[in-house]
Amino acid sequence: MDAIKNYVALVGFGQGGWGGLLISAMMVTIAVSVCGFLVGSVLGTIIAGMKLSSIAPLRWIGGCYTTVLRGVPDLLVVYLFYFGGGALLSYIGAFAGYDGYIGMPAFLTGTVALGIVSAAYQAEVLRGAYRAVSRGELEAADSVGMRPWRKFRRIIVPLVLRYATPGLGNTWQLVLKESALISVTGLVEILRQSQIAAGSTRKPFEFYLTALMLYLVITWVSSILFGRLENRAMRGFRRAI
10 MDAIKNYVAL
20 VGFGQGGWGG
30 LLISAMMVTI
40 AVSVCGFLVG
50 SVLGTIIAGM
60 KLSSIAPLRW
70 IGGCYTTVLR
80 GVPDLLVVYL
90 FYFGGGALLS
100 YIGAFAGYDG
110 YIGMPAFLTG
120 TVALGIVSAA
130 YQAEVLRGAY
140 RAVSRGELEA
150 ADSVGMRPWR
160 KFRRIIVPLV
170 LRYATPGLGN
180 TWQLVLKESA
190 LISVTGLVEI
200 LRQSQIAAGS
210 TRKPFEFYLT
220 ALMLYLVITW
230 VSSILFGRLE
240 NRAMRGFRRA
250 I
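Numbering (the numbering used here), first residue to last: 10 to 250.
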């Protein structure tokens, strides 16, 4: 019982507790993950369109993007953007007369790195979802003279999202886990805050256990939300048994 009381006091919100800082770090994790996922959604849609294009060079570029980004370690992508972006900013600063190193903002680095990596996975999910759309429904839209933009908005987007929602939910979970890699840039998210607290108190097990529970809470809530989105997307659609 004393061990439990000590743990609660350590991660609680009372005097000397780290609860407030851990909750703040959890909000940062959610924010950078959401921003990275949204960036990946936009870029992934573009890449999926390129892979579905009838133009061979566009298909080749889209294929190279998904192959490369899914094949290299995610941490390497983070480092490339963090140090490469800093070098680019320093070069621009030197050109403007500023003498010194300009570092990349950690949150921006995390958003861009997560977005670019997740775009490769989201592109494959969206491409597969488009392939699953019945050709008959698209031909029916053409037969009634529906314009391309209206067909895209009223037919293609709802059907693609219907099939893509489960895969996008898995991609979100991947982005959430990858957000821990952003701690190497100094962004104080869950893992980084746990490292700081563990170093300050010399109680690493307690704080890494707390980090695990915080990630599980976010994952659990995310699963519920995506489950509801999937049910909503499948309304009026008879699933195969």
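Backbone N, C-alpha and C fix where the C-beta goes; we use that ideal spot for every residue, glycine too.
query: In whole angstroms, what is the alpha-carbon distance linking Gly-208 and Arg-136?
result: Working through the sequence shown from its first residue, we reach residue 208 at position 199. Working through the sequence shown from its first residue, we reach residue 136 at position 127. Near 45 Å, if we compare the C-alpha coordinates of Arg-136 and Gly-208.
query: Based on Cα-Cα distance, which residue from Ser-231, Ala-115 and Met-243 lies nearest to Gln-182?
result: Position 173 of the sequence shown, counted from the first residue, corresponds to residue 182. Nearest of Ser-231, Ala-115 and Met-243 to Gln-182, Cα basis: Ser-231.
field: Straight-line Cα distance separating Gly-21 from Ala-206
entry: As a working mapping, residue 206 is identified with position 197 in the sequence shown. As a working mapping, residue 21 is identified with position 12 in the sequence shown. Answer to the nearest angstrom: the Cα atoms are 13 Å apart.
- prompt: Just checking, does the stretch 42–50 make contact with the stretch 117–136 on the three C-beta pairs under 8 Å criterion?
  reply: yes
message: Alpha carbons only, please: which of Thr-228, Arg-244, Ala-150 and Arg-171 is nearest the one belonging to Ser-188?
response: The sequence position of residue 188 within the sequence shown is 179, counting from 1. When each option's Cα is compared against that of Ser-188, the closest is Thr-228.
message: With the cut-off set at 8 Å, would you say Ser-50 and Val-184 are in Cβ contact?
response: For the purposes of this step, residue 50 is taken as the residue at position 41 of the sequence shown. For the purposes of this step, residue 184 is taken as the residue at position 175 of the sequence shown. Going by C-beta atoms, Ser-50 is not nearer than 8 Å to Val-184.
Helix, strand or coil at Ser-63 according to DSSP, with G and I counted as helix: Sequence index remark: in the sequence shown, residue 63 carries index 54 (1-based). Note: Ser-63 maps to coil in three-state DSSP.
task: Ignore the nearest five residues each way along the sequence and tell me which others in Arg-68's own chain have a CB closer than 7 Å to its CB.
output: Against the sequence shown, residue 68 aligns to sequence position 59. Met-59, Lys-60 and Ser-62.
- prompt: Mapping DSSP to helix, strand and coil, what is Glu-215?
  reply: Mapped onto the sequence shown, residue 215 falls at position 206. Three-state result, Glu-215: helix.
query: Using 8 Å as the threshold, is the stretch 209–227 in touch with the stretch 84–95, meaning 3 or more CB pairs across them?
result: no
Distance, Phe-92 Cα to Ile-191 Cα: Numbered from its first residue, the sequence shown carries residue 191 at position 182. Numbered from its first residue, the sequence shown carries residue 92 at position 83. Ile-191 and Phe-92: Cα-Cα distance of roughly 13 Å.
- prompt: In three-state terms, what does DSSP make of Leu-196?
  reply: Walking along the sequence shown from the start, residue 196 turns up at place 187. DSSP places Leu-196 in coil when its eight states are reduced to three.
message: With a threshold of 7 Å on Cβ separation, who are the neighbours of Glu-133 within its own chain once the five nearest residues in sequence on each side are excluded?
response: Reading the sequence shown from its first residue, position 124 is the one you call residue 133. Thr-75.
- request: Report the residue from Leu-117, Ile-13, Ile-199 and Leu-225 whose alpha carbon sits nearest the alpha carbon of Ser-33.
  value: Locating residue 33 in the sequence shown gives position 24, where the first residue counts as 1. Measuring from the Cα of Ser-33, the nearest candidate turns out to be Ile-199.
message: If you follow the alpha helix (DSSP H) that Asp-108 is in, where does it begin and where does it stop?
response: Sequence index remark: in the sequence shown, residue 108 carries index 99 (1-based). Looking at the DSSP string, Asp-108 is not in any alpha helix (DSSP H), and its letter there is neither H nor E.
- prompt: Apart from the five residues just before and just after Tyr-172, which ones in its own chain have a Cβ nearer than 6 Å to its Cβ?
  reply: Counting from one through the sequence shown, the residue named residue 172 turns up at place 163. The residues are Ala-138 and Ala-141.
field: With 16 other Cβ atoms within 10 Å as the buried cut-off, status of Gln-202
entry: Taking the first residue of the sequence shown as 1, we reach residue 202 at position 193. So Gln-202 counts as buried.
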